[in-house]
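Asker: Residue numbers (our numbering), protein chains in the order written: chain A, 2 to 308; chain B, 118 to 422. The C-beta atom is built at its ideal place from N, Cα and C for all residues, glycine as well. A quick note: this is a predicted structure, and the numbers were derived from the prediction, not measured.
(1) Report yes or no: is there a C-beta of chain B within less than 8 Å of the C-beta of residue 113/A?
(2) Roughly how many whole angstroms lie between the Cα atoms of residue 188/B and residue 203/B?
(3) Report yes or no: is there a C-beta of chain B within less than 8 Å of the C-beta of residue 245/A?
(4) Helix, strand or coil for residue 204/B per DSSP?
(5) Answer yes or no: does any C-beta atom of chain B fall closer than 8 Å to that of residue 235/A?
(6) Tell me whether residue 363/B, by its Cβ, gets closer than 7 Å to a heavy atom of the ligand FMN.
(7) Does the beta carbon of residue 408/B sit closer than 8 Å to a beta carbon anywhere in chain A?
(8) Straight-line CA distance for residue 165/A to residue 79/A?
(9) Are there 16 or more other CB atoms within 10 angstroms of the CB of residue 422/B, so buried, or fewer, so exposed?
(10) Rounded to whole angstroms, what's the CA-CA distance from residue 139/B to residue 56/A? Just pull it up for me.
(11) Mind listing the chain B neighbours of residue 206/A? Cutoff is C-beta to C-beta under 8 Å, in chain order.
(12) State the Cα-Cα distance for the pair residue 400/B and residue 34/A, rounded to the nearest angstrom.
(13) Alpha carbon to alpha carbon, how far is residue 403/B from residue 127/B? Give it in angstroms, no decimals.
(14) What do you reckon, are the CB atoms on residue 123/B and residue 217/B nearer than 8 Å?
(15) Mind the definition here: the segment 341-356 of chain B touches the segment 301-308 of chain B only if three or more C-beta pairs lie below 8 Å; say whether that holds.
(16) Per DSSP, which one or two residues make a beta bridge with residue 133/B?
(17) For residue 177/B and residue 334/B, what's the separation of their Cα atoms in angstroms?
(18) Could you pull out every residue in the same chain whose Cβ sits closer than 7 Å to the Cβ of residue 268/B, ignoring the five residues on either side in sequence?
(19) If you follow the beta strand (DSSP E) that residue 251/B is part of, which residue opens it and which one closes it?
(20) For chain A, find out if any of its Cβ atoms is closer than 8 Å to the Cβ of residue 343/B; answer yes or no.
(21) Of all Cβ atoms in chain B, is any one closer than 8 Å to the Cβ of residue 41/A?
(22) Mind checking which residues open and close the alpha helix (DSSP H) that includes residue 145/A?
(23) How about residue 214/A: is its C-beta nearer than 8 Å to some C-beta of chain B?
(24) Taking only the alpha-carbon atoms, compute the straight-line gap between residue 40/A and residue 385/B and give it to the nearest angstrom.
(25) So what does residue 257/B bridge to, in DSSP terms?
(26) Do residue 134/A and residue 393/B have their CB atoms nearer than 8 Å?
(27) So, is residue 199/A buried or exposed, given that buried needs 16 or more other C-beta atoms within 10 angstroms?
(28) Quick one, which of 249/B, 190/B, 143/B and 286/B has its alpha-carbon nearest residue 262/B's?
(29) With DSSP collapsed to three states, give me the class of residue 236/B.
(30) Should the segment 308-322 of chain B be called in touch with the segment 163-175 of chain B, which here means at least 3 C-beta pairs below 8 Å?
(31) Have a look at residue 272/B and residue 129/B and give me their C-alpha separation to the nearest angstrom.
(32) Under 8 Å between C-beta atoms, does residue 155/B make it to chain C?
(33) Among 111/A, 201/A and 143/A, which one has its Cα closest to the Cα of residue 224/A?
(34) Please list, in chain order, all residues of the same chain as residue 91/A whose beta carbon is under 7 Å from its beta carbon, the five residues on each side excluded.
(35) Step through the CB atoms of chain A and report whether any lies within less than 8 Å of the CB of residue 422/B.
(36) In whole angstroms, what is the alpha-carbon distance linking residue 266/A and residue 369/B?
Structural data, given as C-alpha cells:
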C-alpha cells in the first residue's frame with residue numbers, strides 16, 4: 002500500500018468509527034462537532050478548487066454557503082420539504098450566483114478580484130439582513146429538516162453524520178478527478194502562467210468561470226447540509242468572517258492538495274474548540290496564531306502527511 | 118418628499134462620502150504604492166474612535182480626545198507597518214489578506230477585552246450641538262456640517278501635499294514605479310512607514326468623527342471597510358482623485374437609496390411590494406453600481422497606472 006492509501010484508510014476508519022465510540026463514551030457532542038467539521042470541509046474543498054488550483058483568491062466564498070442554506074430554508078418556509086427538490090435547488094442557486102459573480106469578477110485579477118468577490122458576498126449578506134420575511138438580521142428557523150422519502154432520516158444524528166461523511170469523501174474525490182482531468186490541467190496552467198496558456202491556445206476565462214461555478218455549486222451543497230445541521234439560517238453565514246475562515250482552512254491544510262482543505266477545516270475547528278474552552282476571548286489568541294501559521298507554515302498540514 | 122428633505126439627505130450623503138474618502142485615501146495609497154492589501158484598515162478606524170472616546174473621558178475635553186485619537190492611530194499604524202506589514206511586502210496578496218484578517222480578529226477582541234462588547238456613546242461639546250439654518254424651514258446639525266468641512270479640508274490638503282510637495286512627488290513616483298524610486302536612492306522603507314502611518318491617521322480621523330454619529334463598538338470598522346473597497350474599485354487603485362469621486366458617489370447613492378428608493382418604488386409598483394423590495398434593493402445599490410462600473414471600466418474610473 003502506498004502512503005496515500007494508508008492515509009485515506011486511516012482517515013476513513015477514524016471517521017467511520019467515531020459515532021459508535023462517542024455514543025459508547027456518552028459524548029454525543031463529538032458526533033455533532035465532527036459533522037460540522039465535515040460540512041465545512043466540503044466548503045473548503047470547493048474553495049480549494051478555485052483558490053488552490055485555480056489561483057483565484059475568492060474572499061466571498063461564504064456567499065454560496067448562505068445561498069445553499071437559504072435555498073433550503075426558503076423552500077421549507079413555503080412548504081416544500083422534500084430534499085430531492087431542496088438540495089438541487091440549493092446547488093443550482095449557488096451555481097447560478099457563482100456564474101453571475103464570476104462573470105464580472107474573473108474579468109479582473111489581483112487585488113481587484115479579492116475586493117470584488119468580497120463586496121458581492123457582502124451584498125448578499127446585506128440582502129439577507131434586509132429580507133424581513135425571512136427573519137432579517139436574526140435569521141430563521143428551518144421549519145423541518147429535508148425529507149428524502151423515508152430513505153434517510155436527517156433527524157437521526159448518526160445517519161446524518163454518515164451522510165455528511167459520504168458526501169465529504171465524494172466532494173474530495175470529485176475535486177481530485179476534476180483537477181487531474183484535461184479541464185483541471187488548463188485551470189492549473191492558467192494559474193502558473195496565463196500568458197503561456199494563452200499562447201498554446203486556451204482562453205482561461207471560460208475555464209476559470211466554469212471552475213468558479215462548480216465550486217459555487219459544491220459550496221451550495223455544504224450550505225444545504227449546514228442548514229439541516231444547525232436547523233437555523235442566518236445572514237451571518239455569508240459574512241466575510243466566514244469567508245475568511247474558509248480561506249484559512251485551505252491555507253492551514255495546504256493549498257492545491259487533495260486532503261488539505263479537509264485537514265485544515267478539522268484543525269481550525271479543533272483549535273477553536275480548545276481555545277473556547279480556555280477563554281472567552283479566544284480570538285485574541287487565534288488571530289496571531291493564524292498570522293504566524295501563514296508566515297511560517299506555508300506548506301500546510303497536507304505537507305506533513307504528503308496527502 | 119420635499120426639497121428640504123432631499124437637500125438634507127444629499128448633505129448626509131456628502132458627509133458619509135467624505136468619511137469614506139478619509140478611509141479610502143489612505144488605503145488606496147497603501148494599495149497603489151506598496152501593492153499591499155490591508156484588511157485591518159477598518160481596525161484603525163475603530164482604534165481611532167475608541168482612543169478619542171478614552172481621551173475625552175480621561176481629560177474631559179473633546180478636543181484633547183480628538184488629538185489623542187488622531188495621534189494614537191498614527192502611532193498604532195506605524196507600529197503595525199513595522200511589525201506586521203514589512204514581512205509581507207514580498208509575499209502574494211493571499212498571504213496579505215490572511216495576515217491582516219488575523220489582525221482584525223486580534224484588534225476586535227482586544228478592544229472587547231479593554232472596553233467590553235457593548236456600544237459606547239459619546240456626547241458632543243455644546244458648541245458642536247444644535248443646528249444651523251440652511252434657509253427658512255430647513256435645519257441641519259452643526260456637527261455633520263463640521264464633519265463635511267473637515268473632510269473637504271483634508272481632501273484639499275492631500276491634493277496640495279500630493280501634487281505640490283517633495284513628499285507628494287515621492288508618493289506619486291512610488292505609485293508608478295517603486296523599484297525605480299528605490300534605485301534613485303530614496304529610503305523607500307521610511308516612505309512606506311510614513312505613508313502607512315498617515316493613511317492610518319486618516320482612518321483614525323474618520324473613526325473619531327464617526328463616533329458621535331454612529332455607535333462605537335468592536336467590529337465597527339468592517340462595516341465601513343467593505344464600502345471603502347467598493348469606493349476604491351470604482352475610483353481605481355492608487356488614485357486619490359478616484360478615491361474622492363468614488364467616495365462621494367458611493368456616499369450619496371447609498372444614502373439617497375436608503376432614504377428614497379422605497380417611496381419612489383411605491384409610485385411604480387404596489388406599496389406592499391415596495392415595502393419589501395425597497396430596503397433590499399437599497400442595500401444592494403452600491404454593489405450593483407460597482408458591477409456596472411467594472412463592466413465598463415475594469416480598472417476603475419481613474420486609472421493611476
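Answerer: The structure says:
(1) Your numbering for residue 113/A matches position 112 in the first chain. Judged by the 8 Å Cβ criterion, residue 113/A is in contact with chain B.
(2) For the purposes of this step, residue 188/B is taken as the residue at position 71 of the second chain. For the purposes of this step, residue 203/B is taken as the residue at position 86 of the second chain. Cα-Cα distance, rounded: 22 Å.
(3) The residue given as residue 245/A occupies position 244 in the first chain. Closer than 8 Å: yes.
(4) On the second chain, residue 204/B is found 87 positions in, with the first residue counted as 1. The answer is helix: DSSP assigns residue 204/B an H, G or I state.
(5) Stepping through the first chain from its first residue, residue 235/A is reached at position 234. Chain B, which has no Cβ nearer than 8 Å to the Cβ of residue 235/A, makes this no.
(6) Ligands displayed in this structure: none; no statement on the ligand FMN is therefore possible.
(7) Taking the first residue of the second chain as 1, we reach residue 408/B at position 291. True, the Cβ-Cβ gap to chain A drops below 8 Å.
(8) For the purposes of this step, residue 165/A is taken as the residue at position 164 of the first chain. For the purposes of this step, residue 79/A is taken as the residue at position 78 of the first chain. Residue 165/A and residue 79/A: Cα-Cα distance of roughly 26 Å.
(9) Taking the second chain and counting its residues from 1, the one referred to as residue 422/B is at position 305. In this prediction, residue 422/B has a pLDDT of 47, which is less than 50 and means its spatial position is unreliable; nothing more can be read from the coordinates.
(10) Taking the first residue of the second chain as 1, we reach residue 139/B at position 22. Taking the first residue of the first chain as 1, we reach residue 56/A at position 55. Answer to the nearest angstrom: the Cα atoms are 32 Å apart.
(11) Here the question's residue 206/A lines up with position 205 in the first chain. Those do not exist, as residue 206/A stays about 12 Å from chain B at its closest Cβ, beyond 8 Å.
(12) For this step, residue 400/B is matched to residue 283 along the second chain. For this step, residue 34/A is matched to residue 33 along the first chain. Straight-line Cα distance between these residues: approximately 35 Å.
(13) Counting from one through the second chain, the residue named residue 127/B turns up at place 10. Counting from one through the second chain, the residue named residue 403/B turns up at place 286. Near 16 Å, if we compare the C-alpha coordinates of residue 403/B and residue 127/B.
(14) As a working note, residue 123/B is residue 6 in the second chain. As a working note, residue 217/B is residue 100 in the second chain. Cβ distance not < 8 Å, so residue 123/B and residue 217/B don't count as in contact.
(15) no
(16) Mapped onto the second chain, residue 133/B falls at position 16. For residue 133/B, which the question treats as bridged, DSSP gives no partner whatsoever.
(17) Along the second chain, read from residue 1 onward, the residue named residue 177/B stands at position 60. Along the second chain, read from residue 1 onward, the residue named residue 334/B stands at position 217. Approximately 21 Å between the Cα atoms of the pair.
(18) Counting from one through the second chain, the residue named residue 268/B turns up at place 151. Result list for residue 268/B: 135, 136, 138 and 139, in chain order.
(19) In the second chain, residue 251/B corresponds to position 134, counting from 1. Element bounds for residue 251/B: 248-252.
(20) Sequence index remark: in the second chain, residue 343/B carries index 226 (1-based). So, interface residue.
(21) Locating residue 41/A in the first chain gives position 40, counting from the first residue. No, no contact with chain B.
(22) Along the first chain, one-based indexing puts residue 145/A at 144. Residue 145/A -> no alpha helix (DSSP H), and no H or E assigned at all.
(23) On the first chain, residue 214/A is found 213 positions in, with the first residue counted as 1. Chain B contact via Cβ: absent.
(24) Looking up residue 40/A in the first chain gives position 39. Looking up residue 385/B in the second chain gives position 268. Near 44 Å, if we compare the C-alpha coordinates of residue 385/B and residue 40/A.
(25) For this step, residue 257/B is matched to residue 140 along the second chain. Answer is 249/B.
(26) Taking the first residue of the first chain as position 1, residue 134/A is located at position 133. Taking the first residue of the second chain as position 1, residue 393/B is located at position 276. Yes, the Cβ-Cβ distance between residue 134/A and residue 393/B is below 8 Å.
(27) Within the first chain, numbered from 1, the residue matching residue 199/A stands at position 198. Looking at its Cβ environment, which holds fewer than 16 other Cβ atoms inside 10 Å, residue 199/A is exposed.
(28) Working through the second chain from its first residue, we reach residue 262/B at position 145. Among 249/B, 190/B, 143/B and 286/B, the Cα nearest to that of residue 262/B is on 249/B.
(29) As a working note, residue 236/B is residue 119 in the second chain. It is coil, neither helix nor strand.
(30) yes
(31) Translated into the one-based positions of the second chain, residue 272/B becomes position 155. Translated into the one-based positions of the second chain, residue 129/B becomes position 12. About 18 Å.
(32) Going by chain labels, chain C is absent from the structure shown, which instead holds the protein chains A and B.
(33) As a working note, residue 224/A is residue 223 in the first chain. Checking every option, the nearest Cα to that of residue 224/A belongs to 143/A.
(34) Reading the first chain from its first residue, position 90 is the one you call residue 91/A. Correct list, in chain order: 69, 72, 73, 221, 222, 224 and 225.
(35) Locating residue 422/B in the second chain gives position 305, where the first residue counts as 1. Residue confidence for residue 422/B is low, a pLDDT of 47 falling below 50, so the modelled location carries little weight and cannot support an answer.
(36) Residue 266/A sits at position 265 when you count from the first residue of the first chain. Residue 369/B sits at position 252 when you count from the first residue of the second chain. If I take the Cα positions, the gap works out to 41 Å.
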